[in-house]
Amino acid sequence: MAVRDEDGRAVVGPGAGDELADRELLARTSHGDLAAFHKLYARYYHPLLRFIYRLTGDFDAAQEGVNDVMLVVWHDAAKFGGRSKLSTWIMGIAYRKSLKLFNKASRWTSRFKAAEWSENIEPQDRLREHTDETIDRDLLYHAMRMLSPQHRAVVELTYFHGYSYEEIATIVDCPVNTVKTRMFHARAKLKAVLPSLSNDETQR
Amino acid sequence: MTAAGDHSRVSELIPWFVNGTLGDAETALVERHVGACLPCRIALNEERRLQRLVRTESMVPISTDSGFDALLQRIDTGKAAQRRPARPARRRFTLPPLDLGLAAAAAFAVAAVTAWVALDIYRNPPADAPFTTLNEPGPSRPARIDVIFVDGIGERDMRAVVRGVGATIVSGPTEIGRYTIELEDEAAAGDPIDAVIARLRADDRIRFAAPSFIAEDGAP
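Structure (structure tokens):
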């Protein structure tokens with residue numbers, strides 16, 4: 146899970162080279178080492194928070210969701226078989242948790258449509274200076290909301306968290322071709338809402 | 024593979040070419056094809072822009088401490104629940120039909136004795152029998168606080184922290200290193216428990232402090 150800036154520095158979460166260090170922390174966690182678990186928690190907190198928030202759209206639920214995921218990690222640390230990367234295993238737990246939270250929230254908002262979470266965010270956005278970048282980000286925000294959580298997950302895991310399609314297939318527990326198909330449909334929908342994706346740079 | 028076959032395959036692979044996770048063979052395939060295919064070159068630029076947008080949509084980093092403390096509470100509460108002896112399975116009580124008469128007689132006898140005792144208490148109440156309502160506070164319980172010390176702290180420092188707030192350790196450590204401390208009467212009277220907790224939280228040697236909800240028998 147290596148998210149790096151243009152200079153190659155890790156921006157968010159553990160870098161790809163940290164897998165061994167993470168596994169060591171998990172092994173110590175499986176023996177009840179609270180300090181090791183604390184370090185693991187701190188390393189995964191923000192990537193998990195962002196991922197669950199992107200899938201559910203509910204920040205409070207996402208914070209609670211992070212703890213739900215890490216509680217499973219605490220209890221099941223000894224069960225991690227090492228067949229996949231540790232981050233893939235943890236993100237898989239987060240994906241399943243996010244879908245449950247999303248379904249729960251959907252039942253709620255379908256009853257109270259007037260109180261959709263996006264309504265609370267827009268007024269603050271309007272206060273910002275509307276540069277091209279902020280407009281694009283707003284458009285992206287709304288475009289992402291039009292996607293199903295399954296499609297959003299593939300976009301997030303690819304572009305923010307930097308996973309390969311094989312790893313994403315493991316996280317969301319589906320065949321590789323399904324991952325590619327979901328990405329194909331997500332790209333088509335995003336492109337329809339985000340005309341700036343196909344602007345100036347494209348002909349260079 | 025035909026050019027049309029390459030086009031369709033490369034089109035699918037572009038997002039992972041952009042995030043740099045393709046293997047060597049697939050990377051070479053995309054590079055070769057994109058050089059000769061304008062629609063794929065356009066798609067490649069679109070995906071690069073999408074990746075930039077997704078990544079710039081960052082979240083403000085927030086402290087993980089309060090989240091971790093909340094998680095510790097959940098872990099501890101779970102362990103306390105596990106330690107409690109399991110409630111025996113409820114057995115269905117069935118009465119043989121032939122014993123119904125006997126059971127009715129026994130029930131009548133129990134009811135008669137209960138009524139007699141109740142009447143006696145009504146006629147002769149104990150002189151100092153307290154009468155309380157549900158809203159009245161129960162017997163006072165010493166103020167207790169759960170604390171977790173920082174890793175590697177020595178016993179001397181632990182004692183200094185606990186004595187510093189006028190308390191004594193009454194239980195711990197649990198499996199996750201949690202101690203319960205009890206405020207001595209004078210300390211509890213002089214300083215509200217919230218103030219004591221605030222002082223503990225401000226101490227560098229304390230990682231976690233919160234009111235204890237765990238009773239003496241370990242049950243929350």
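Order-wise, the sequence lines are chains A and B. Sequential numbering from 146 applies to the first sequence in our numbering. Sequential numbering from 24 applies to the second sequence in our numbering. Beta carbons: idealized from backbone N, C-alpha and C, even for Gly. These numbers come from a predicted model, not from an experiment.
Determine, using beta carbons only, whether I197/A and V218/A come nearer to each other than 8 Å. The sequence position of residue 197/A within the first sequence is 52, counting from 1. The sequence position of residue 218/A within the first sequence is 73, counting from 1. Contact: no.
Going along the chain, which residues of its own chain have a beta-carbon closer than 6 Å to the beta-carbon of A233/B, five neighbours each way excluded? Working through the second sequence from its first residue, we reach residue 233/B at position 210. So the qualifying residues of the chain are D169.
Reduced DSSP category for V170/B - H, G, I as helix; E, B as strand; rest coil: Taking the second sequence and counting its residues from 1, one reaches residue 170/B at position 147. DSSP places V170/B in strand when its eight states are reduced to three.
Identify the contact partners of L13/B in chain A, using a Cβ-Cβ distance below 7 Å as the criterion. Missing from the structure shown is residue 13/B; chain B here goes from 24 to 243 and no further.
Those runs of the alpha helix (DSSP H) which lie wholly inside the region 45-93 of chain B and span at least 4 residues: Within the region 45-93 of chain B, the complete alpha helix (DSSP H) runs of at least 4 residues are 47-59, 61-79.
Measuring straight from C-alpha to C-alpha, what distance separates A59/B and C319/A? For this step, residue 59/B is matched to residue 36 along the second sequence. For this step, residue 319/A is matched to residue 174 along the first sequence. About 33 Å.
Hey, does K224/A have any beta-carbon neighbour from chain B nearer than 8 Å? The residue given as residue 224/A occupies position 79 in the first sequence. Chain B contact via Cβ: absent.
Leaving out five residues on either side along the sequence, give the residues of the same chain with a beta carbon under 7 Å from the beta carbon of Y240/A. On the first sequence, residue 240/A is found 95 positions in, with the first residue counted as 1. Correct list, in chain order: A298, I316, V317.
Quick check on the DSSP output: the alpha helix (DSSP H) that includes T201/A runs from which residue to which? Within the first sequence, the letter at position 56 stands for residue 201/A. T201/A -> alpha helix (DSSP H) spans 179-201.
What does DSSP give as the partner residues of T191/B in its beta bridges? To locate residue 191/B, count along the second sequence from 1; it is residue 168. The partner list for T191/B (beta bridge, DSSP) reads E205/B.
Which term fits H306/A, buried or exposed, when burial requires 16 or more other beta carbons within 10 angstroms of its beta carbon? Here residue 306/A refers to the residue found at position 161 when the first sequence is read from its first residue. By the 10 Å Cβ count, H306/A comes out buried.
Reduced DSSP category for R230/B - H, G, I as helix; E, B as strand; rest coil: As a position in the second sequence, residue 230/B is number 207, starting the count at 1. Note: R230/B maps to strand in three-state DSSP.
Whose CA, out of V188/B, P196/B, A221/B, lies closest to the CA of E205/B? Position 182 of the second sequence, counted from the start, is the residue given in the question as residue 205/B. Per the C-alpha coordinates, the member of V188/B, P196/B, A221/B positioned closest to E205/B is V188/B.
Short of 8 Å in beta carbon distance, which residues of its chain neighbour T201/A, apart from the five on each side in sequence? Order them along the chain. Here residue 201/A is taken as the residue at index 56 of the first sequence, counted from 1. So the qualifying residues of the chain are A207, G210, S243, L246, F247, A250, P294.
Kindly list, in the order they appear in chain B, the residues whose Cβ is closer than 7 Å to that of S309/A. Walking along the first sequence from the start, residue 309/A turns up at place 164. Neighbours of S309/A on chain B, chain order: W39, T44.
Evaluate the contact criterion for the region 163-174 of chain A versus the region 177-192 of chain B: three or more CB pairs, one atom per stretch, below 8 Å. no
Got a sec? Which residues, its chain only, sit under 8 Å from L52/B by beta carbon, not counting five neighbours each side? Along the second sequence, read from residue 1 onward, the residue named residue 52/B stands at position 29. D29, R32, V33, L36, listed in sequence order.
For V196/B, which residues in the same chain have their Cβ closer than 8 Å to its Cβ, ignoring the five residues on either side in sequence? In the second sequence, counting from the first residue as 1, residue 196/B sits at position 173. The question names Val, yet the displayed sequence has Pro at residue 196/B. Y202, listed in sequence order.
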